[in-house]
Structures are given as structure tokens and as C-alpha cells.
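Worksheet: the structure to be examined is printed underneath.
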Amino acid sequence: MHSFKETVKETWRFYRKTLSLVFTGSKEYYLWCILLLCIMGIGFLCYLPQLQIGLITTNMRDQVVWGLYISNFTYLVGVAAAAVLLVVPAYIYQFGPIKEIVVLGELFAASSIIMALLFVTVDLGRVDRFWHMIPLIGKMNFPSSLLAWDVVVLNIYLLLNLIIPIYLLVKTYYGKEPNKKFIVPLILFSIPMAVTIHTVTAFIYNGLPARPFWNASILAPRFLASAFCSGPAIIIIVFQILREYTFIKIEDRALFKIAELMAYAMFLNLFFLISEMFKEYYSNTIHIASLKYLYEGLHGHNLLVPWIWVGTIMNLIAFILFLFPVTRQRLSTLNIGCILIIAGVWIEKGPGLIIPGFIPDPLGEIYEYIPNFRELFISFGIWATGFLIFTLLMKVAIPIASGEFSHIQYEREISPLKMKSESN
Amino acid sequence: MQGRNFTRREFIRNFSMATFFGLSFPFLSSCGKEMVEDFLQKHFLEMTHEEKELIISRLEERYFKKYGKKFTVSIQEAIPNTLWGYGLDLSRCIGCRRCVYACIEENNCSRQEPQSQWIRVIRLRKGSLINLEDSEHYYNPDYVPEKEFIYIPVQCQQCENPPCVKVCPVHATWKEPDGLVVVDYNWCIGCRYCMAACPYRGRVFNWAEPNVPKDKWNLSVHYLGNRPRMRNVVEKCTFCIQRIRKGRYPACVEVCPTGSRKFGNLLDPQSEIRYVIQNKRTFRLKEDLNTEPKFYYFFEA
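Just so you know, the protein sequences line up as chains A and B, in that order. What the first sequence shows, in the working numbering, is residues 18 to 441, in sequence order. What the second sequence shows, in the working numbering, is residues 58 to 358, in sequence order.
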């Protein structure tokens, strides 16, 4: 009981200190935060009419019931999954500051999950009834509904990705060794959970025979493969920004190793795509309609065609860039490849996966969906929210993880020694 | 043991609801009593009969305030030993869409922007029946029927294995003992997963507050059927639950000028629908999906 009280007290002190960290920073930091807050504000203003008038303010209709929101949701679940899976190579290849990578990866995953959950929230017609989904309190359709599964696993995953880094950071803050018996199982558990969230999310779509486009067993493997491309691509960019602006040290070697893994993942992703293409085009049944709509247009409707080809070409170029060590191990081409992958995979497994599932609809009607400005601004708002959350988390986490910001007592006792050993 | 489990569940629910309510009191007190009542309303199947009575009297009062009309909200349960089945004679259907509009009027569906159609009549070129990809939804000739075309009206097929019920994350939709798939409009969270799962486009979403002209309301309504809905919830055909449980035909059956539509109790060997199944060559839409629809299409000759 005593130790519990102390923990609460310590935690409270810890939070007070973090607040002061968050509110001080460079000019660029303030500018960045204000920019994000503005985008969030615009997004929120766009959301209010949708809440009051209804989802008619979006471009979704009975034919295409999910649009940009669920596309972003799907993409972000993948990003969240991949961020944690980066922990594995960090251990295997000994990427220097492993603890930092674990903390960073998990916090990144947490921010992505928060974004993903926000996207589901804005897509819900009756947010006021969200409690119907809470187990025990509401009336969750478990285990029959995959959406119920997803709610459960996403929340467990979010919790894991908050508990692990916060625990590690608090321990570092007080200069104590983390209890390995407590934290290692949790870290290990977060790895299968990362695979689980993305698999369950794929199964949401996969389990619907009414939508032949999604009803292909390759869907979950494709999801994982593309997640292994987009997640690390974002992480590589984030790593570089962080080592530019903070004291965190990440060697190029680590980035190149991640890039190599991404080349394999992109190979698998393209291979799965070809398998799917072959099956549909060679068998050429009526179930090919959605794929045809996506890649070549159907009965004169071809709104998504330019998008998917741009996405596919982006992925192909990125694959070539990552395949050859020459281009993979040069930061300029590496970054181009990363940006191509981030955008290419977003098109492919966001709008390129969700929208064609509904076109043509089960009775053969074609309704061409393209998000309107409200949906776009709300989505930007959610992305900005995620970036802001991640920025603030990093603002506190990095000084703690690198030992610059720690408990006063610990600083007095240990820090001079540590500084000495580091300078040697 | 059973009892203790139940009380624990109840306790968790009440405790957390109370906590949540307490925390959000400042917010809730700023919106009306109606919103609080709505927020706390239980799932229809979990209410006792008294609670249901209370809810419907409250609804009638509220509808009167909102629409200025005296609605009668029924919660009539399924008649024992009934399993409703539907038959549709494709050789008679002329594609006039009278059923579509009778349905809209009977079921208090939103009239425009967007119009909520529980029945969709699609037009196919003769010679094709299964591939719906070439269907025309918005055919509009001066006269029907047209020589080269056949018409297939499609509505909720009241599947015995309904995919929509399977996927709903909150049990807001379920199959009644008489085989009707219904929605608790006050429980639906508006995620539209059921619409993604339905192979027949049997479900329609209220993208906005439904608009019905003041003098066009059908005042005889069922809680699980045609009562006025709210925005952002899903709705669907219930074979006119408000009529058939009182021994009447669905509105679409009544209005059909060619007598293409047949309806009855599948458990009653003397019923019209059993006669159709016995004597006609029937088929069901997308039988390969194993949804077991209770909606039979057939040809006269």
C-alpha cells in the first residue's frame, strides 16, 4: 500500500515536470505546434455540421457507405502495427540506442492508434451511443462481429503502447533499472498484438462475401506486407527529423538496415498484388468488376484509375530504389523512396482498397465516390492531432530517455558520472 | 452462481454508467431531458414489458410534440408458429415501381435528399438474370413494361443466415422469432458495417434527419418498423411488421397492380407462399452466398 501511494505521488510529480517541458521550446517548435492546432481547429469546425446535420454532409451514400475516414483508419492501423514490429530488428541488429527505439516506436504506434480510433469516431453516425460498444456496459456482439474484435484488440494495443514506454520512461527518469520480468513479456506481447490488430482489421473486410473485391484470402497477408512498407518509411523520416532536432543518436547503418527490410516487404506486397491480379484477370468471372473499376474503369466510370496507377508506379519506383544498395544507402534517394512508399501505400490500401469494394454495389449500381472538402479537412484535422500528440510525447520522452531530464536527486547523484563516461 | 454473475454484471454496468453520468453531468445538463433519456435507453431486448410500455408512451408524447400527430406505437410481439416468407412472380412484374412508393408512404421513409427506398426495382436485359452488373436502377421510359427488359424488385430478403446480424458490433439488429430481421433504431451506432455486409442492398441509411411532409405521416407504427427514425441510423424493410403481425398484407403486396407479390406463413402448409414453393419453380437471389433468404422469385409459366 505504501509503495502504491508513493508511486501515485511520484507519477504526479512526473506529470507536473512534463508540462513545463511541453510549453517551452524553440521558435520552430512553437510554429509547428500552432500550425497543427490551426489545422485541428479547422477540422473540428468542419466536423460540427457533420455531427448536427448528419453524414449527408459527406459524399458517402447508400452505395458507398465507407469512404476517406475508413481508408485512413485502415492505413493507420498498418502504420501502428509496423512501428512496433521495428522493435524486433532493433534487437536483432543491435541498433545502438535500443531503448530509445523501443520507446519511440511504441509512442509512434500509440499516436497512430489514436488517429485510427479518431477516424472511426468521426465515421460513426451516432457517436453519442459509443458506450453500446463497451464490453460489459454495452451490448457488444462478441465474438461474432469482427468490428467488435477490432475495438477490443485496438484498445489493448493502445494500452500496451502507452504502458510500455511510460513505464520505461518513468524508470529512466528516476534512474532505476526497469523490472525486466514485468516489461519484457509486455514488449514481447506487443509484437504478436501488432500482427493481430492488422489481421483483425483485414478480416473486417475479408469476411464479407457480399463484397468479392475484399473476399480474397490474400487480403490479410497483403495488409501486413504493405504495412511493413509504409510504417518503417514514416519511421525512417521521423528518425532523421529527430536526430536533427534532438540529442538522440541514430546511425545511418540502422536506417539502411530498415530500408533493406522494407525492400523485402515491398517485394512481397507487389507479389501478392500480382497474385491477386492474375487470379482475377485469368479467371475473368463477374467478380472482377471492382478490380476493373479500380485499374481500368468500368462502363465509363474511372475516377480512381489515375490514382491507383500513380500509387502503383510510386510503389514500383520505391521498390527499385530500395532494392539496390547504391540507392538505398544514400540518404537523398532513401528519402525519396520513403515518401513514394508513404503516398503509394496510402493510395493502394486506403482509398484504393475501401472504395472499389463498394463499386459496383451488390445490385450493380455504380456510384462514384470522391471525398468532399469537409471529409478532407476533418481528415487533415485528425492527422494534425496525431502529429501533435506525437510531437508532445517526443518533446518529453526524448530528454528523459537520453538522460537529460531526470529526477533532481538522481541528477545530483549519477549524472556527473554518466557525463564523464560518455565523454570518454 | 448464476444470480451472482448477473448482479456483478449489473453492478459494473450501473456503477460505470453512474460514474460516466456524474462526470458528464455539466455537459448533459446543458442539453435537454430528451437527450439524457435517449442516452441512457437500454437495448430493446433487454427491457421488461413495463419498460417498453414506458418507452412507447414517451415516444408517442415526443412524436406529438415534434410532428403534431398522434402516433400509435406498437410493440406487438411475433405471432407464435409463424415464419414469414415472400414470393415474387418475375413473369408478371412490369417494373412500375408502385411498390417502391407504397413502401415509402407506409413506412414513413424520407421523401427526398436522399429518398429512402427499401425496395429497389432493377431492370435487366432479357437473357440475363444472375449478373446484376448490367442492371439499370434509374430506367425511366414513358411506358412499362418495355419489350427487351425484365424487372427484378429487390428488398430485404429476411435471410435465415443474415450477414448483417452477424457483423453488427452492438447487436442493434437481430432476427425475430417470426424470421424478420429488425433494427433497434435507438441502439444502432451508425457504423454501416451491416450495409457493407448485405449482398442485396437491403439496408438504407438515414444520412440526414428523414423528411416526411406533415400530412403524409402513417400514424400506425411499430417500434421495430416504421416509427419515425432519427438521423445517422440504419433502416430496412421488415415486410411491414406493423401490418403483418396484425394479420394484414405488406403494403407492397397490396399495391401491386399485377399481383406479382405473394406473401404468407412458411410454417402453414395452406399458405399462399407454400403453394408457390410447391407448384412453381422458385429460386432465391445469390443462393451461393448461403444466406438462406426467405424471399422466393418464380416464373408463372
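Ideal Cβ placement from N, Cα and C applies to all residues, glycine included. Please read all numbers here as calculations on a predicted model, not as lab measurements.
1) Where does I209 of chain B sit, in a helix, a strand or coil, going by DSSP?
2) On the criterion of 16 or more Cβ atoms from any shown chain inside 10 Å, does Q451 of chain A qualify as buried, or is it exposed?
3) Using CA coordinates, which residue listed in B:T348, B:F355, B:N347 and B:C313 is at the minimum distance from Y332 of chain B?
4) If contacts are defined as beta-carbon pairs under 8 Å, then N332 of chain A and E365 of chain A qualify, I think. What distance do you get, rounded to the angstrom?
5) Just the Cα atoms here: how many angstroms apart are Y108 of chain A and F256 of chain A?
6) For a quick check, are the C-beta atoms of V211 of chain B and C153 of chain B less than 8 Å apart?
7) If you measure from the beta carbon of G71 of chain A to each beta carbon in chain B, is any gap under 8 Å?
8) Can you pull the DSSP bridge partners for G403 of chain A?
9) Give me, in chain order, the residues of the same chain whose beta-carbon lies closer than 6 Å to that of L311 of chain A; leave out the 5 immediate sequence neighbours on both sides.
10) Could you give the first and the last residue of the continuous beta strand (DSSP E) run that contains S277 of chain B?
11) Threshold first: 4 residues or longer. Then list the alpha helix (DSSP H) segments lying entirely within the stretch 282-333 of chain B, N to C.
12) Based on Cα-Cα distance, which residue from A:S128, A:F240 and A:F273 lies nearest to H215 of chain A?
13) Is the stretch 319-339 of chain B touching the stretch 173-181 of chain B, taking contact as three or more C-beta pairs under 8 Å?
14) Excluding the five sequence neighbours on either side, which residues of its own chain have a C-beta within less than 6 Å of the C-beta of P350 of chain B, listed in chain order?
15) What does a CB cutoff of less than 6 Å around N178 of chain A pick up in its chain, not counting 5 residues either side in sequence?
16) Can you grab the Cα-Cα spacing for the pair Y384 of chain A / E277 of chain A, in whole Å?
17) Please go through the same chain and pick out, in chain order, the residues whose beta-carbon is closer than 6 Å to the beta-carbon of I417 of chain A, but skip the five residues on each side of it.
18) If the cut is a Cβ gap below 7 Å, which residues of chain B does R347 of chain A touch?
19) Using a Cβ-Cβ cut-off of 7 Å (strictly less than) and excluding sequence neighbours within five positions of L72 of chain A, which residues of its own chain qualify?
20) Determine whether the Cβ of A165 of chain A lies closer than 8 Å to any Cβ atom of chain B.
21) How many angstroms separate the CA atom of K156 of chain A from the CA atom of F336 of chain A?
22) So with CB distances below 8 Å, who are the chain A contacts of V290 of chain B?
23) So which residues on chain A does I179 of chain B lean against when the C-beta distance must stay under 9 Å?
24) Just verifying my parser: in three-state terms, what is the DSSP assignment at H304 of chain A?
25) Using the C-alpha atoms, what's the distance from K293 of chain B back to Y280 of chain B?
26) Quick one: does N441 of chain A have its CB under 8 Å from some CB of chain B?
27) Is the Cβ-Cβ distance between N275 of chain B and E205 of chain B less than 8 Å?
28) Please confirm whether A227 of chain A has its beta-carbon closer than 8 Å to some beta-carbon of chain B.
29) Find the residues of chain B that neighbour A1 of chain A, judging by a C-beta separation of less than 7 Å, and give them in chain order.
30) Check whether the stretch 181-194 of chain B and the stretch 226-244 of chain B touch, using three or more Cβ-Cβ pairs below 8 Å as the test.
31) Which whole-angstrom value is the C-beta distance of I221 of chain A and L163 of chain A, which I expect to be below 8 Å?
32) Can you pull out the residues from the stretch 337-348 of chain B whose beta carbon lies closer than 7 Å to at least one beta carbon of chain A?
33) Look at the alpha carbon of I265 of chain A and the alpha carbon of L103 of chain A, and state the distance between them as a whole number of angstroms.
34) Leaving out five residues on either side along the sequence, give the residues of the same chain with a beta carbon under 8 Å from the beta carbon of P106 of chain A.
35) Quick one, which residues of the stretch 245-275 of chain A are near chain B if we go by CB-CB under 7 Å, in chain order?
36) Just to make sure I have the definition right: I need the residues of chain B whose C-beta is within less than 9 Å of the C-beta of S162 of chain A. Which are they?
According to the structure shown:
1) I209 of chain B falls in the strand class under three-state DSSP.
2) Beyond the ends of chain A as shown, which are 18 and 441, falls residue 451 of chain A; an answer cannot be given.
3) Its Cα nearest to that of Y332 of chain B, the residue B:F355 stands out among B:T348, B:F355, B:N347 and B:C313.
4) Their Cβ separation, rounded to whole angstroms, is 7 Å, which keeps N332 of chain A and E365 of chain A in contact under 8 Å.
5) Distance between the alpha carbons of Y108 of chain A and F256 of chain A is about 17 Å.
6) Contact: no.
7) Interface annotation, G71 of chain A: in contact with chain B, CB-CB separation under 8 Å.
8) Looking at the DSSP output, G403 of chain A shares a beta bridge with no other residue.
9) Result list for L311 of chain A: L321, I325 and P373, in chain order.
10) Segment S277 to H279, the beta strand (DSSP E) holding S277 of chain B.
11) Counting whole runs of 4 or more residues, the stretch 282-333 of chain B contains the alpha helix (DSSP H) stretches 298-301 and 308-312.
12) Among A:S128, A:F240 and A:F273, the Cα nearest to that of H215 of chain A belongs to A:F240.
13) As far as the Cβ criterion goes, the stretch 319-339 of chain B does not touch the stretch 173-181 of chain B, which means the pair count is below three.
14) In its chain, beyond the 5 residues on either side, Q214, C216 and R341 have a beta carbon closer than 6 Å to the beta carbon of P350 of chain B.
15) Once the five neighbours on either side are set aside, the close Cβ partners of N178 of chain A are E123, A126 and A127.
16) One C-alpha to the other measures close to 41 Å.
17) Non-local C-beta neighbours of I417 of chain A in its own chain, meaning closer than 6 Å and more than five positions away in sequence, comprise L186, T189 and Y190, ordered along the chain.
18) Scanning chain B for C-beta atoms nearer than 7 Å to the C-beta of R347 of chain A yields nothing, as the closest lies near 44 Å away.
19) Close CB contacts of L72 of chain A within its chain, under the 7 Å cut and outside five residues either way in sequence, are with G142 (chain order).
20) True, the Cβ-Cβ gap to chain B drops below 8 Å.
21) Their Cα atoms are separated by approximately 46 Å.
22) Going along chain A in sequence order, the residues near V290 of chain B (Cβ under 8 Å) are G142 and R143.
23) Chain A residues near I179 of chain B: L380, G381 and E382.
24) DSSP places H304 of chain A in helix when its eight states are reduced to three.
25) The alpha-carbon atoms of Y280 of chain B and K293 of chain B are separated by roughly 13 Å.
26) Since pLDDT at N441 of chain A reaches only 48, below the 50 mark, its modelled position is unreliable, and the value read off the structure follows with that caveat. No, its Cβ sits nowhere closer than 8 Å to a Cβ of chain B.
27) No, the pair does not count as a contact, with Cβ atoms beyond the cut-off.
28) Yes, its Cβ sits closer than 8 Å to a Cβ of chain B.
29) No answer is possible for residue 1 of chain A: the residues shown for chain A start at 18 and end at 441.
30) Look at the beta carbons and you see the stretch 181-194 of chain B not touching the stretch 226-244 of chain B: under three pairs across the two are nearer than 8 Å.
31) That belief holds up - the Cβ atoms of I221 of chain A and L163 of chain A are roughly 5 Å apart, short of 8 Å.
32) Flagged, chain order: L346.
33) Their backbone Cα atoms lie some 17 Å apart in a straight line.
34) So the qualifying residues of the chain are F112, K274, I275 and L278.
35) Listed in sequence order: no entries.
36) Under the 9 Å cutoff, chain B gives K223, V224, C225, P226, V227, H228 and Y250.
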